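Visitor: Last residue of the sequence shown: number 93 in this note's numbering, and the count goes up by one each step with no gaps.
Even for Gly, the Cβ is constructed at its ideal location relative to N, Cα and C.
Remember, predicted model here, so these are calculated numbers, not experimental data.
This is the structure I want to talk about, given as structure tokens.
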Amino acid sequence: MATCKITHIRLSDECPSTTEKITHIKLSDGDVETIAQAVRYIDDNHVYYYVNSYGNTTEVETVHPYGRDPYIRTKANSTTTDNLLSLPRF
Numbered sequence: 004m005a006t007c008k009i010t011h012i013r014l015s016d017e018c019p020s021t022t023e024k025i026t027h028i029k030l031s032d033g034d035v036e037t038i039a040q041a042v043r044y045i046d047d048n049h050v051y052y053y054v055n056s057y058g059n060t061t062e063v064e065t066v067h068p069y070g071r072d073p074y075i076r077t078k079a080n081s082t083t084t085d086n087l088l089s090l091p092r093f
């Protein structure tokens, strides 16, 4: 089982309101993955996470909405906005 830190995101929309707009992620080792790849790995029990500016770690989970492509988001925490959208773009 791999553990991967997400450091950057690429979006399909310049003003995203949801993580469904994330198309690619960049990991701390420099690898770039599509969301489809990340969903597959997370569903296979790989651990993906995000670290905020305070050093707090939040795990990433997959979402499989009916009739739409699966996507990723951070697991529920104390914020109302998704932490992944605060990451730098690449």
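Checking the sheet assignment: what are the DSSP bridge partners for Cys-7?
Guide: Tyr-51
Visitor: Please give the ranges of any beta strand (DSSP E) in the stretch 24-68, keeping only runs that are unbroken, at least 3 residues long and fully inside the region.
Guide: Given a length threshold of 3 residues, each whole run of the beta strand (DSSP E) inside the stretch 24-68 is given here in chain order: 25-30, 35-37, 50-54, 60-66.
Visitor: What's the gap between the Cα of Ser-31 and the Cα of Tyr-44?
Guide: 16 Å
Visitor: Could you name the residues of the same chain whose beta carbon sits closer than 8 Å to that of His-11, not counting the 5 residues immediately before and after it, in chain order?
Guide: Ile-28, Lys-29, Leu-90, Pro-91, Arg-92, Phe-93
Visitor: Are the CB atoms of Val-63 and Tyr-51 nearer to each other than 7 Å?
Guide: Val-63 places its beta carbon less than 7 Å from that of Tyr-51.
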